[in-house]
Every structure is written in C-alpha cells, then in structure tokens.
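Notes follow once the structure below has been shown.
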Amino acid sequence: MPNTITSQTINDGERNLIVKVKITGDGSGDESDTILVNVSEFAGSFTEVSILRVLPTLNGFSATLSWDADTNVKAMDLLDGDPTPICYKAFGGLINDAGNGKTGDILLTTLSLNSGDEGTIVLEMKKRGGS
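Counting from 2, one number per residue, gives the positions in the sequence shown under this note's numbering.
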C-alpha cells in the first residue's frame, strides 16, 4: 500500500488558490517528485502559481517542494518539526523560475518518510499566466 497523500482545496478563486495537503507514511518509502499541486485541476485559465505562504507541520520527515519542468527546480525545503510559517507576500510571492518544459505544477519529494509519520502542508498561492 502506498503512502497516503490527500488534498483539500480550501479556496479556488479567480486569483487565489489555497490547498491543504495531508501526508501519512506507511513504510513504503519516500515520495519522489509526486504532484502536489496540478494547476490543470483548478478553476480558471492560468498556467502557473506563485507561492505566497506555506504553513508546514511535518513530524518525522522533511520535504522538498519543486517546480515541475524538464529539469525540476527546487522551490524550498520544509524541515521536520519546524512549523514556522514561510511568507513571501512582501514581494509578491515565490515565482516559478523553472526553465524549459515547465508545467506550472508543484512537486513533493520527502526525506525519511516512515510508517506512522504524518505531516500537513498548507499552500497559499496566486494564480498566474493565461488570460
């Protein structure tokens, strides 16, 4: 049985998107470039998001969020046991700086995700691109 990753859309507005993701490890190993936010699944005509704020609560494992592209680009690391909110609002958000083949999606890779480990990541984003 694979790790459990469930996503809840809190707000899918015209310009803003807030998603809460719950991760539960089952002992099958780490996640590697698992799609966390698939921009094509949300309302509106946009091609990517900028990350305004992240509220992480990871217990027993760490995670990396990356921008999906031909060569994925690391957006940020989230550390085990560090629930400090990460805010990029002061300068308009963390913008997708991936190069060729960027999809606009956000990927998740975990480190040391074991059976019984749990975490929640709330992503507050702004929709970008499109018409």
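Just so it is clear, CB atoms sit at the ideal spot from N, CA and C, and this is done for glycine as well.
Relative to the C-alpha of Asp81, which residue among Arg129, Gly130, Lys21, Glu119 is closest? Between Asp81 and the set Arg129, Gly130, Lys21, Glu119, the nearest pair of CA atoms involves Glu119.
Kindly indicate the opening and closing residues of the beta strand (DSSP E) around Ala91. Counting along the chain, no beta strand (DSSP E) covers Ala91, and no H or E run does either.
Tell me whether Lys128 is buried or exposed, calling it buried when 16 or more other Cβ atoms sit within 10 Å of its Cβ. Buried.
By how many angstroms is the C-alpha of Phe43 removed from the C-alpha of Leu106? Looking at the sequence itself, residue 106 is Asp, so the reference to Leu does not match. Asp106 and Phe43: Cα-Cα distance of roughly 11 angstroms.
Using only the alpha-carbon positions, how far apart do Val22 and Thr5 sit? Near 10 angstroms, if we compare the C-alpha coordinates of Thr5 and Val22.
Distance check for Ala64 and Gly102, CA to CA, integer angstroms please. About 23 angstroms.
Does the beta-carbon distance from Val20 to Val38 come in below 8 angstroms? Yes, Cβ-Cβ distance for Val20 and Val38 is below 8 angstroms.
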